[in-house]
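Beneath this line is the structure, given in structure tokens, with notes to follow.
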Amino acid sequence: MVSEFRSFIAKGNVVDLAVGIIIGGAFTGIVNSLVNDVVMPVVGVVIGGIDFSDYFFALSSTVTATTLEAAKAQGPVFAYGKFLTVIINFLILAWIIFLMVKGVNRIRAAEEKKPAEATPAPPPADVQLLTEIRDLLKPRA
Numbered sequence: 001m002v003s004e005f006r007s008f009i010a011k012g013n014v015v016d017l018a019v020g021i022i023i024g025g026a027f028t029g030i031v032n033s034l035v036n037d038v039v040m041p042v043v044g045v046v047i048g049g050i051d052f053s054d055y056f057f058a059l060s061s062t063v064t065a066t067t068l069e070a071a072k073a074q075g076p077v078f079a080y081g082k083f084l085t086v087i088i089n090f091l092i093l094a095w096i097i098f099l100m101v102k103g104v105n106r107i108r109a110a111e112e113k114k115p116a117e118a119t120p121a122p123p124p125a126d127v128q129l130l131t132e133i134r135d136l137l138k139p140r141a
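The sequence shown runs 1 to 141 under the working numbering.
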């Protein structure tokens with residue numbers, strides 16, 4: 001069972017998948033920072049200067065807080081600002097992945113268009129004959 005597990009792990013697809021998951025996790029942090037620290041403040045300024053992630057509707061009359069965290073402590077809220085932030089995160093991530101796949105496809109297409117290396121032409125018949133004679137005489141020497 002250990003040897004089967006070792007051969008399973010050693011397969012390229014499993015290793016590639018693991019690397020993809022690790023890089024994807026790190027990439028998620030970058031995209032989250034881009035959205036939360038760069039895009040959303042600009043969107044907040046455009047729509048009135050309020051922190052976009054604090055947009056919510058109170059679902060109870062007991063909720064009087066102006067920030068999302070305080071409102072959640074007071075009662076149920078519909079936090080649409082965070083939802084919109086996640087949607088923007090997804091769209092940015094999907095766009096970046098689209099551009100990456102497009103770039104990889106362009107590279108693959110360029111590789112396929114490269115002419116195959118020409119195999120050298122076989123030597124003339126007299127050179128082949130002399131090579132065969134040489135090879136036959138070598139053991140006698």
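Heads up, the beta-carbon is just placed ideally off N, CA and C, and yes, glycines get one too.
So, residue i versus residue j, is the Cβ gap smaller than 9 angstroms?
i: I96; j: V31; result: yes
i: S60; j: Q74; result: yes
i: V77; j: A94; result: no
Could you tell me the distance, in whole angstroms, from the CA atom of residue i to the CA atom of residue j?
i: F8; j: I21; result: 18 angstroms
i: L34; j: T28; result: 10 angstroms
i: I92; j: V42; result: 15 angstroms
i: P122; j: Q128; result: 9 angstroms
i: V2; j: K11; result: 14 angstroms
i: R140; j: I133; result: 12 angstroms
i: I107; j: L99; result: 12 angstroms
i: E112; j: A118; result: 15 angstroms
i: V14; j: A26; result: 19 angstroms
i: T105; j: G24; result: Before going on, a small fix: residue 105 reads as Asn here, not Thr. Whole-angstrom Cα-Cα distance: 20 angstroms.
i: A109; j: D135; result: 45 angstroms
i: D16; j: L137; result: 53 angstroms
i: L130; j: E4; result: 53 angstroms
For residue i, which residues from the same chain have a beta carbon less than 6 angstroms from its beta carbon, with the 5 sequence-adjacent residues on both sides left out?
i: K82; result: S53
i: L68; result: D54, F56, A79
Pop quiz: residue i and residue j are said to be a contact at Cβ under 8 angstroms. What is the actual Cβ separation, rounded to whole angstroms?
i: A71; j: F56; result: 6 angstroms
Please state whether DSSP places residue i in a helix, a strand or coil.
i: A65; result: coil
i: A58; result: strand
Quick one: residues in its chain with C-beta nearer than 8 angstroms to the C-beta of residue i, no 5 flanking neighbours on either side, listed in chain order?
i: T85; result: V35, N36, M40, F52, S53
i: A65; result: A71, A73, Q74
i: N89; result: V31, N32, V35
Kindly list the residues whose CB is nearer than 7 angstroms to the CB of residue i, restricted to its own chain and excluding five residues on each side of it in sequence; keep chain order.
i: V63; result: A71, Q74, G75, V77
i: A125; result: none
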